[in-house]
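In what follows, a single structure is set out as structure tokens and then discussed.
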Amino acid sequence: MSRTVVPGIVHKNSLSAFVNKAGKDFKKNWVLYLMILPVVAYYIIFHYWPMYGIQIGFKDFNIAKGYMGSPWVGLKYFQQFFESFYFGRVLRNTLMISIYELIFGFPAPILFALLLNEVKNRRFKKYVQTISYMPHFISAVVICGIILNFCVSDGLINDVIALFGGERSSLLQDMKNFRTIFIASGIWQNLGFNSIIYFSAISTVDQELYQAAIMDGANRFRQVWHITLPSIKPTIVILLILSIGSLLSVGFEKIILLYNPATYEVADVISSHVYRMGLQKLNWSYGAAVGLFNSVANLILLILANRISRKVSEVSLW
Amino acid sequence: MKKSIPEIIFDIFNYSILLFWAVITIYPILYVLFSSISDAGRLMSHRGLLLYPLGVHLDAYKIVFQNPMILRGYMNTAIIVFGGTALNLFMTSLGAYFLSRKDVLWKNVVMVMIVITMYFGGGLIPHYLVVTGLGMRNSLLALIIPGAISAYSMIVMRTSFQSIPASMEESALLDGANNFSILFRIVLPLSKAMLAVMALWYGVGHWNSWFGAAIYLTKRELYPIQLIMREILMQNVDSQEIYKMTAGGGQDDDAQIAETIKYAMIIIATAPILCAYPYLQKHFVKGVMIGSLKG
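Same order as they appear, the protein sequences are chains A and B.
So the first sequence is residues 1 to 318, counted in this note's numbering.
So the second sequence is residues 319 to 613, counted in this note's numbering.
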């Protein structure tokens with residue numbers, strides 16, 4: 001009779017092998033697991049529990065009855081949203097604002113970084129840079145307070161308009177102006193800060209490339225076009241993907257601070273709609289449904305943008 | 319290398335544009351600053367750009383600093399900033415440390431769990447229901463705990479922890495240290511610069527935040543300064559009340575001083591941050607770089 005001698009522990013299947021491994025790992029790393037416990041608890045309570053609560057978008061949520069007690073109504077609230085006259089309005093506003101922000105606000109920091117990079121005087125460069133980051137650190141409330149203050153009929157901007165012979169008007173009460181004010185102030189606030197990442201990308205370019213180009217007779221413009229720009233292309237593409245991925249997520253803080261019933265028609269975006277309808281007017285289920293629509297649409301956009309980028313260039317998020 | 323004419327023209331153009339941008343960036347704040355110390359009456363009738371303060375009157379500031387509602391606002395904000403940032407640093411460090419260790423079985427599971435939350439979430443309504451369900455309504459805790467960790471910051475911190483030479487930890491392990499000591503006695507002290515940046519990030523975030531307070535707080539005594547400012551700046555609520563509360567004055571005076579009070583409040587709310595950020599710019603620039611390299 002032959003017998004196979006098996007040294008060590010016998011594992012009947014891979015499950016028990018795994019349990020054994022987990023046990024060893026726990027013995028070795030129990031302190032680490034203790035450390036991560038509060039972090040995991042935090043994520044479960046404040047990130048995953050709300051995800052579980054998304055279900056109220058599919059129910060007639062009643063606070064008294066809670067998540068479980070409220071009855072299912074399927075896609076009722078999604079339908080309500082899609083069929084309401086708000087849907088077209090908020091979708092259009094969200095897209096318009098995002099697209100304009102993309103067209104004007106995306107290239108601006110890049111241009112700024114390139115121009116500032118051409119400055120040889122180090123002190124000038126440093127001062128301009130430091131000043132440019134400043135508005136990023138100012139709170140939304142203060143920024144909007146300043147905007148509101150400047151846009152009233154006897155405010156600074158109207159003073160300048162009057163100086164050039166124009167007519168004074170309460171700028172924020174007029175729908176025509178909202179988008180411009182919103183986007184322009186966004187650029188003012190974030191240009192400097194957003195250019196940081198381009199600066200650091202530019203600084204990683206190998207100086208030898210420039211030397212070689214100079215020897216070949218390239219002037220500064222050519223150097224930028226053929227060396228600097230291509231080197232920061234990956235950065236640009238990734239940030240572009242991220243921007244496109246957030247096309248449907250115009251942040252509501254500034255919108256809420258700047259809009260008013262006179263400008264809802266152009267200012268109300270998906271997120272501010274959720275806030276007004278869902279929270280202020282206590283339509284919990286409706287708010288949750290629209291919010292879910294927004295999150296999912298964002299995710300899809302991000303994945304799409306990433307896929308397209310992967311095909312078109314070798315750069316992508318994943 | 320001598321510059322050609324087109325290059326010189328470009329340089330002039332370049333410097334001008336950049337200078338123009340710097341001026342545009344800084345001017346609104348200067349305007350607010352000048353207005354806050356200007357004489358209220360002259361300010362009201364002034365038109366156009368303000369190139370210098372119209373006199374030097376600190377009345378607006380005096381009124382602001384004597385108003386109990388405003389002072390309480392600053393206190394609430396201070397509590398939120400210090401308490402919140404402390405919690406942030408503590409939690410983020412724990413998470414980053416865990417994620418930076420090698421040979422930990424469940425590390426990737428935790429990582430995935432965290433990354434998912436960066437791309438998807440419950441949305442405003444479910445979040446609101448969870449926080450109020452936990453009884454945090456009308457408590458400053460609602461402004462500190464739900465935002466305890468920023469996944470992005472944690473990843474940046476992890477990258478930073480990973481760059482600490484393994485030899486230091488190994489020698490500590492040989493001396494019998496456990497993970498707590500390694501974290502608190504070795505890793506954190508070596509990461510002071512990065513922790514300073516994190517503190518700045520989180521701190522400024524707390525200082526500037528208003529929305530959480532807007533939806534979770536109904537008691538005025540708990541309002542942080544941004545929310546009080548929102549009322550004053552945007553809802554035109556209390557500026558005249560403020561003036562009446564702390565000083566007597568004619569009807570006309572109220573409206574005029576109210577304007578300078580608004581400006582003074584803006585300066586007080588923003589000045590600390592504006593003074594702090596230039597010193598840390600070297601660090602946060604590096605922080606952005608590390609964040610972008612995380613891949």
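The C-beta atom is built at its ideal place from N, Cα and C for all residues, glycine as well.
Return the CA-CA distance between G57 of chain A and F164 of chain A, expressed in angstroms with no decimal places. 52 Å
Report the neighbours of Y100 of chain A on chain B: residues whose CB is nearer than 7 Å to its CB, in chain order. Those do not exist, as Y100 of chain A stays about 20 Å from chain B at its closest Cβ, beyond 7 Å.
Establish whether the CB of F352 of chain B and some CB of chain A are separated by less than 8 Å. no
Against chain B, which members of the region 100-125 of chain A pass a CB distance test of less than 9 Å? F112, L115, L116, E118, V119, K120, N121, F124, K125
R307 of chain A versus A:G105, A:Y127, A:W318, residue with shortest Cα-Cα distance: A:W318
Hey, F150 of chain A and F293 of chain A are a contact pair by Cβ (cut 8 Å); roughly how many whole angstroms apart? The pair is not a contact, with the Cβ atoms about 35 Å apart (cut-off 8 Å).
Interface residues of chain A facing A466 of chain B [CB-CB closer than 7 Å]: Y42
Step through the CB atoms of chain B and report whether any lies within less than 8 Å of the CB of D174 of chain A. no
Going by Cα to Cα distance, which pick from B:T588, B:L368, B:T435 is closest to S395 of chain B? Looking at the sequence provided, one finds Thr at residue 395 of chain B rather than Ser. Of the listed residues, the one whose Cα sits closest to T395 of chain B is B:T588.
Take I278 of chain A and list the residues in its own chain whose beta-carbon comes closer than 8 Å to its own, dropping the five residues that flank it on each side. One point to set straight first is that residue 278 of chain A is Gly, not Ile, in the sequence displayed. For G278 of chain A, where only same-chain residues beyond five positions count, the Cβ hits under 8 Å are W284, Y286, G287, A288, V290, G291.
Under a Cβ-count criterion, where at least 16 other Cβ atoms within 10 Å of its own Cβ denotes burial, should N121 of chain A be classed as buried or exposed? exposed
Segment limits, alpha helix (DSSP H) that includes N121 of chain A: Here N121 of chain A belongs to no alpha helix (DSSP H), and DSSP marks it neither H nor E.
Just reading off the alpha helix (DSSP H) that Q79 of chain A is part of, what are its end residues? 76-83
Consult DSSP for K254 of chain A and reduce its assignment to one of helix, strand or coil. helix
Helix, strand or coil: how does DSSP classify G568 of chain B here? Unreliable placement is indicated for G568 of chain B, whose pLDDT of 47 sits below 50; no coordinate value is reported for it.
Extent of the continuous alpha helix (DSSP H) run through V39 of chain A: 14-43
Pull up the distance between the alpha-carbon of F199 of chain A and that of L111 of chain A, whole angstroms please. 11 Å
W225 of chain A (DSSP reduced to helix, strand or coil): helix
CA-CA distance, Q280 of chain A and L535 of chain B? 13 Å
Contained alpha helix (DSSP H) runs [length at least 4] in the region 163-207 of chain A, N- to C-terminal order: 175-203
With respect to the alpha helix (DSSP H) encompassing I355 of chain B, which residues constitute its N-terminal and C-terminal limits? 323-355
What number of angstroms, rounded off, separates the C-alpha of F438 of chain B from the C-alpha of S153 of chain A? 42 Å
Taking 8 Å as the CB-CB cut-off, is R276 of chain A touching chain B? no
Beta-carbon of F400 of chain B versus every beta-carbon of chain A: anything under 8 Å? no
Could you tell me whether the region 174-194 of chain A touches the region 128-142 of chain A, where touching means 3 or more Cβ pairs closer than 8 Å? yes
Y33 of chain A to K27 of chain A span [Cα, whole Å]: 10 Å
For a test of the three-state rule: what should DSSP assign to L304 of chain A, helix, strand or coil? helix
Using 8 Å as the threshold, is the region 261-272 of chain A in touch with the region 93-106 of chain A, meaning 3 or more CB pairs across them? yes
Looking only at DSSP bridge pairs, what is W72 of chain A linked to? A:K59
N260 of chain A, buried or exposed, once every other Cβ within 10 Å from all chains shown has been counted against 16: exposed
N-terminal and C-terminal residue of the alpha helix (DSSP H) that P50 of chain A is part of: 49-53
DSSP three-state label for R614 of chain B, please. With chain B covering only 319 through 613, there is no way to say anything about residue 614 of chain B.
Check whether the Cβ of N29 of chain A lies closer than 8 Å to any Cβ atom in chain B. yes
Nearest to V119 of chain A by alpha carbon, out of B:P371, B:Y333, B:I550? B:Y333
Alpha-carbon to alpha-carbon, G465 of chain B and K65 of chain A: 28 Å
Sequence-distant residues of its chain with Cβ nearer than 8 Å to N426 of chain B (five each side left out): none
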